[in-house]
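Visitor: In mature numbering (1 follows the signal peptide of the UniProt record, and there is no 0), the protein residues as written are -21 to -1, 1 to 297.
We put the CB at the ideal spot given by N, CA and C, even for glycine.
Since the structure is predicted, the reported quantities are computational estimates derived from the model, not experimental observations.
Can you read through this structure? Questions will come right after.
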C-alpha cells in the first residue's frame, strides 16, 4: 500500500516538473471516454474487435461498429516476401508470417478514418524493438486523433512457469514515455490462464508493477490488463491498486475462450472499482455471461452489493 501511495505522489510531482519532456495539458494521451462520448463514464460499454491480424480481418473490423481494434504484433515476415531480416507484422505466436505488416495496419486505419481506437499488443522484445520507430513516426502525424494503446506483458505474474518471455519492463516503459507520449500505456503481467480458478494477483505483484512505473517516470494514467478469472479472485489488491494510483488509472479485463471465470466475483470487482475504471475486453459469449447471469446469480450479486454498501457506510461513520 505504501508503494502505491508513493507512486501516486511521485507521479504528480514529476508531471508538474517534467514540462521539458511533454506539455501536460496539450500532449496527454487521448482518453477513450473523451473520444467515445456515447458511453459516458461507463467503460464497460466500450466494444472490441480481437486479434485483428490479417488484411481481411482489418477490413471487417473497420466496417463494423466496434470502437477499439486490438491486434497483435510479432517479429516476422510478410507472406510471399521471401527472406530478409524480420520486421513488425501482425500475428500471434507461434505465427510469424502474415499478409499484414504493422506499417500497413497503421496506414490502413489512418486512411479509413472510421472513428475507432487501436490497441497494439507486442508479444515479445523483438516485436517491440522492430516496431518502435514505425509507431513513433505514426504517432507524430497530426491526423492521429484517436486513442492508441500500447500493450505488453512486462512482468511475470500468477502461476507463470519458467521459460515464458516477458517484454523488458524498463525498455518498454521508457520507450513509451520518450517516444509515445500520446499513447496510453497498457502494462500487464504474464500469467497462467489455465489455472485462473485458484490464482490471484498478490500484493507483491502490485508492488513490483507500481515500483517499475515509478522508476520509469510514467506520469499519465495507465491501464492494467488483468486476466478476468484471476482478477475475480483479487478484489482487495486490484481495488487498492486502482484507487491509490493516478486519477484515470483503469483495469482491462481479458480472457481466452473457455477459460474459467467466476462471474459473480467479477461483477462484484467491477462494481467495487467502478465502471468508469474497468474495460471489458472479453469474447462475446463471456461478455454475455457477465451481464446476463442466471436468476440465482443475480440474487447472490444483489446481496453481495448490499453488504458492500453497508460495510462502506459503517467505515465512513466510524
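Between residue 137 and residue 209, is the Cβ-Cβ spacing less than 7 Å?
Guide: It is a contact, given that the beta carbons lie within the stated cut-off.
Visitor: Which residues does DSSP list as the beta-bridge partners of residue 229?
Guide: According to DSSP, residue 229 bridges with 202.
Visitor: Does the beta-carbon of residue 270 have 16 or more other beta-carbons within 10 angstroms, so that it is buried, or is it exposed?
Guide: With fewer than 16 Cβ atoms within 10 Å of its Cβ, residue 270 is classed as exposed.
Visitor: Could you name the residues of the same chain whose beta carbon sits closer than 6 Å to that of residue 4, not counting the 5 residues immediately before and after it, in chain order?
Guide: Because residue 4 sits at a pLDDT of 40, beneath the cut-off of 50, its placement in the model cannot be relied upon, and the following sentence gives the value as read from the coordinates. So no residue of the chain qualifies.
Visitor: Between the alpha carbons of residue 58 and residue 43, how many angstroms are there, rounded?
Guide: About 26 Å.
Visitor: So within the region 207 to 269, which uninterrupted alpha helix (DSSP H) runs reach at least 4 residues, ignoring any that extend past its ends?
Guide: The region 207 to 269 contains these whole alpha helix (DSSP H) runs: 207 to 210, 214 to 222 and 242 to 252.
Visitor: Between the region 244 to 261 and the region 16 to 24, are three or more C-beta pairs nearer than 8 Å?
Guide: Because the criterion of three Cβ pairs below 8 Å is met, the region 244 to 261 and the region 16 to 24 touch.
Visitor: Alpha carbon to alpha carbon, how far is residue 80 from residue 178?
Guide: Straight-line Cα distance between these residues: approximately 36 Å.
Visitor: Given residue 33, which residues of its chain have a CB within under 8 Å of its CB, disregarding the five upstream and five downstream residues?
Guide: Same-chain partners within the cutoff: 69, 77, 78 and 79.
Visitor: If you run the structure through DSSP and keep just helix, strand and coil, what is residue 129?
Guide: Strand.
Visitor: Please classify residue 112 as buried or exposed, where buried requires at least 16 neighbouring CB atoms within 10 angstroms.
Guide: Classification for residue 112: exposed.
Visitor: Residue 159: which of 205, 110, 169 and 142 sits nearest, CA to CA?
Guide: Cα-wise, what sits closest to residue 159 is 110.
Visitor: With DSSP collapsed to three states, give me the class of residue 144.
Guide: If DSSP states are grouped into helix, strand and coil, residue 144 belongs with coil.
Visitor: Can residue 175 and residue 238 be called in contact, C-beta distance under 7 Å?
Guide: Cβ atoms of residue 175 and residue 238: closer than 7 Å.
Visitor: Between the beta-carbon of residue 338 and the beta-carbon of residue 132, is there less than 7 Å?
Guide: Any answer about residue 338 is impossible in this case: the structure gives the chain only from -21 up to 297.
Visitor: So residue 165 and residue 219 are supposed to be a Cβ contact under 8 Å. How far apart are they, rounded?
Guide: That belief does not hold up - the Cβ atoms of residue 165 and residue 219 are roughly 20 Å apart, past 8 Å.
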